[in-house]
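S.K.:
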Amino acid sequence: MMNCINQFRMTSDRARVAIFALSCLFTIPAGLAAQQTSNPPSNQSTSAPPANVQRWEDDFSGDKLDEAKWERYSLEGGAGKIAVSDGQLQQRGTNNSRAGVRTKNTFDADRFVVEATVAKVGVRYPELGSSGPPPGNAIVTVLFGGRADRIEWLMTSEGRLEAWLMRDDKSERLDSKSLGTREKSPRLAVARRGDQVYFMLNGQTGLEKTIKSLPSTFSVMLYGFGSSENNWDSVTVQTLKR
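Positions 24 to 265 (my numbering) are the ones given, in order, by the sequence shown.
Written out as structure tokens, the structure is:
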């Protein structure tokens, strides 16, 4: 697995991205992965999940939030603007809040890939006495056990990437403060295989951590801290069938 890197490389090879992400759920022999990437069968979609993988997704194609899939949710503070327009989930919270949307589905798996495509990350509203608006962020959050315990993988409006673990009311930053990207609309993913957790961008792993004793039940939350403008194109959750 790749070590922490300062700058993620870009790729347009969707087949390789799909194979790499799903390899976090189960082992794919290196030779087979290379063969599937270079010579995909013409009559088979390489991005289709295997039969033992369950897939949940939303591309925000309607004119309002799908209430069968999502609910408004706040970890802290009041809710702000939430709208679906032009194929995007568009959100902007209030000062010092941690509010957004959470999946109504509760998933149960210790092997999964959660991937969300960022459409836009905007700065926060200027604070009283500040010289300018502070950076905003867009956060992919995996909430465990129906509580506030969670893993967060975020991108700031400056292109910085941060990985966090919140457990038992304690916060721990997991990355080395050296990750970033020039891509404005990347795919952020959190993948888990047992005690191994992978933080990914566009199908490439920038950080791998061992985190023990995580619950198997989880939901997914999308939000930005405070008044961050955070818009999303799509989200996909893939879990290994039990």
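Quick reminder that beta carbons are idealized off the backbone N, C-alpha and C, glycines included. Every value quoted in this text rests on a predicted model; they were computed, and no experiment measured them.
Which residues bound the beta strand (DSSP E) around K104?
M.R.: Note, K104: beta strand (DSSP E), 104 to 108.
S.K.: Based on DSSP bridge pairs, tell me the residues matched to T233.
M.R.: DSSP, once it has assigned bridges, lists Q219 as partnering T233.
S.K.: When the Cα atoms are used, what is the spatial distance from A17 to I105?
M.R.: Shown here, the chain extends from 24 to 265; a query on residue 17 therefore has no answer.
S.K.: Do D191 and D172 have their beta-carbon atoms positioned less than 9 Å apart in this structure?
M.R.: Yes; because the gap between Cβ atoms is below 9 Å, this pair is in contact.
S.K.: Pair every Cβ in the stretch 245 to 254 with every Cβ in the stretch 138 to 154, then say whether three or more of these pairs are closer than 8 Å.
M.R.: The stretch 245 to 254 vs the stretch 138 to 154: in contact.
S.K.: Quick check on the DSSP output: the beta strand (DSSP E) that includes N254 runs from which residue to which?
M.R.: Residues 252 to 263.
S.K.: Could you say which of G226, D86, D133 lies nearest to K264 if we only look at CA atoms?
M.R.: Ranking G226, D86, D133 by Cα distance to K264 puts D133 first.
S.K.: Output the boundary residues of the beta strand (DSSP E) element that contains L188.
M.R.: 184 to 190 is the span of the beta strand (DSSP E), which, as asked, contains L188.
S.K.: If we count the other Cβ atoms within 10 Å of its Cβ and call it buried at 16 or more, is G103 buried or exposed?
M.R.: Buried.
S.K.: Candidates L245, L166, D89, R121: which alpha carbon is nearest P238's?
M.R.: Per the Cα distances, L166.
S.K.: Would you call the stretch 220 to 231 and the stretch 200 to 208 touching, i.e. three or more CB-CB distances under 8 Å?
M.R.: Yes, the stretch 220 to 231 is in contact with the stretch 200 to 208.
S.K.: Terminal residues of the continuous beta strand (DSSP E) containing F83?
M.R.: From DSSP, F83 is part of no beta strand (DSSP E); its letter is neither H nor E.
S.K.: Tell whether a beta-carbon distance below 9 Å holds between V124 and M244.
M.R.: Yes.
S.K.: Within this structure, are the beta carbons of T129 and Y246 separated by less than 9 Å?
M.R.: Not in contact: T129 and Y246 (Cβ atoms no closer than 9 Å).
S.K.: How many angstroms separate the CA atom of V220 from the CA atom of K235?
M.R.: Roughly 10 Å separates the two Cα atoms.
S.K.: Tell me the rounded alpha-carbon separation between T117 and R95.
M.R.: Whole-angstrom Cα-Cα distance: 14 Å.
S.K.: Which residue from L184, G169, V260 puts its Cα closest to that of E175?
M.R.: Among L184, G169, V260, the Cα nearest to that of E175 is on L184.
S.K.: Alpha carbon to alpha carbon, how far is R216 from E231?
M.R.: Looking at the two C-alpha atoms, the distance is approximately 11 Å.
S.K.: Run through DSSP, which three-state label would E206 get?
M.R.: Coil.
S.K.: Starting from Y96, follow its DSSP beta bridges and name the residues at the other end.
M.R.: Per DSSP, G123.
S.K.: Please report the straight-line C-alpha distance between T240 and S120, rounded to a whole angstrom.
M.R.: One C-alpha to the other measures close to 25 Å.
S.K.: Is the Cβ-Cβ distance between K127 and A91 less than 9 Å?
M.R.: Cβ atoms of K127 and A91: closer than 9 Å.
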